[in-house]
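Colleague:
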């Protein structure tokens, strides 16, 4: 009788172990499928965001000297000439004067760009630094957004857009430059220094108000690099 009970117990233990192994295999398969699904959704999200961002950057958005042109937002952002003085500011457009050109930018066209930057900021702050694919912004000229925070121009933007809309511009402009600082040409570093110099020693607080306490570490790190180089 005891041998029969021992046999039954041994068989039960074997069956239990087998069931546990089956459950473990199922869990591993489900985990892999879930990971693949998450990765797929991430890739789709990044690709969609990159396409939207690229479309906004390359679409004609500005006129130059009151004449129709093929000037895209990207062309405008890469124009490093400083904003000479305050141009006209209305609810629908900004007229921004640089040394040799006068740009007219539509608020309606800039709003989607700032919204795309807010989405990019969210993804950057939530993703692993080694995760692919990369955002288009991360692969571009790290100085792309710096011209937007030229003090004269920034004063104009503040009249037209909300702090929520402008916050991603500050964070991403500062972050991209701070990360790439050691690889920048001396001329690029001087350009960045000139842009921030206009804010003065305490004027950086004007930009800091757009950042959370944690995000301000990036601004402080960039300030330190600007002072020591």
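In our numbering, the protein residues as written are 84 to 312. Virtual Cβ for every residue (Gly too), placed ideally from N, Cα, C. Bear in mind that the values here come from a model prediction, so they are computed numbers and not experimental data.
1. Within 10 Å of its beta-carbon, does residue 307 have 16 or more other beta-carbons around it, so buried, or fewer, so exposed?
2. Can you give me the C-alpha to C-alpha distance between residue 240 and residue 217, rounded to a whole angstrom?
3. Excluding the 5 residues flanking residue 129 on each side, which residues of the same chain have their C-beta closer than 6 Å to its C-beta?
4. Shortest alpha-carbon distance to residue 189 belongs to which of 183, 163, 139 and 234?
5. The beta strand (DSSP E) that contains residue 189, what's its start and end?
6. Residue range of the beta strand (DSSP E) that residue 177 falls in?
7. Work out the CA separation of residue 254 and residue 261 for me, nearest whole Å.
8. Compute the beta-carbon to beta-carbon distance between residue 234 and residue 271, rounded to the nearest angstrom, for a pair I have assumed lies under 8 Å.
9. If you draw a straight line from the C-alpha of residue 85 to the C-alpha of residue 109, how long is it?
10. Locate the alpha helix (DSSP H) running through residue 274, then write down its first and last residues.
11. Is residue 227 closer than 7 Å to residue 302 when the C-beta atoms are compared?
12. Tell me which same chain residues have a C-beta within less than 8 Å of the C-beta of residue 298, skipping the five on either side of it?
13. Assuming residue 311 is part of the alpha helix (DSSP H), what are its boundary residues?
14. Kindly indicate which residue of 191, 175, 194 and 167 has the alpha-carbon position closest to the one of residue 181.
15. Return the first residue and the last residue of the alpha helix (DSSP H) that residue 235 is part of.
16. From what residue to what residue does the alpha helix (DSSP H) around residue 262 run?
17. By how many angstroms is the C-alpha of residue 288 removed from the C-alpha of residue 175?
18. Of all the options 134, 125 and 103, which has the alpha carbon lying nearest to the alpha carbon of residue 219?
19. Taking just the CA atoms, how far does residue 266 sit from residue 312?
20. Provide the residue span of the alpha helix (DSSP H) that contains residue 266, from first to last.
21. Skipping 5 residues on each side, what residues in its chain have a beta carbon closer than 6 Å to that of residue 197?
22. Quick check on this structure: which residue in 230, 250 and 207 has the alpha carbon closest to the alpha carbon of residue 290?
23. Between residue 256 and residue 231, how many whole angstroms is the CB-CB distance? I'm expecting something under 8 Å.
Modeller: So, from the data block:
1. In summary, residue 307 is exposed, with fewer than 16 beta-carbon neighbours lying within 10 Å of its beta-carbon over all protein chains present.
2. Roughly 29 Å between the two C-alpha positions.
3. 216, listed in sequence order.
4. Of 183, 163, 139 and 234, the residue nearest in Cα terms is 139.
5. Residue 189 -> beta strand (DSSP E) spans 185–189.
6. Where residue 177 is concerned, the enclosing beta strand (DSSP E) stretches over 176–181.
7. About 10 Å.
8. Between the beta-carbon of residue 234 and that of residue 271 there is about 18 Å, and that puts the pair past the 8 Å contact cut.
9. Only weak support is given to the placement of residue 85: the predicted model assigns it a pLDDT of 46, under 50, and the value that follows is read from those uncertain coordinates. Linking residue 85 to residue 109 through their CA atoms gives a straight-line distance of about 36 Å.
10. Counting along the chain, the alpha helix (DSSP H) containing residue 274 begins and ends at 269–280.
11. Note that the C-beta distance between residue 302 and residue 227 is not below 7 Å.
12. Once the five neighbours on either side are set aside, the close Cβ partners of residue 298 are 254.
13. Annotation: the continuous alpha helix (DSSP H) that includes residue 311 extends over 299–311.
14. In this structure, 167 is the residue among 191, 175, 194 and 167 with its C-alpha nearest to the C-alpha of residue 181.
15. Element bounds for residue 235: 234–243.
16. Looking at the DSSP string, the run of the alpha helix (DSSP H) that includes residue 262 is 246–263.
17. Annotation: residue 175 to residue 288 spans about 28 Å, alpha carbon to alpha carbon.
18. Across the set 134, 125 and 103, the C-alpha of 134 shows the shortest separation from the C-alpha of residue 219.
19. Each residue's Cα considered, the two are about 13 Å apart.
20. Boundaries for residue 266: no alpha helix (DSSP H) harbours it, and the DSSP string shows neither H nor E there.
21. The answer, listed in chain order, is 248.
22. Considering only alpha carbons, the answer is 250.
23. Rounded, the Cβ-Cβ distance is 7 Å, consistent with contact.
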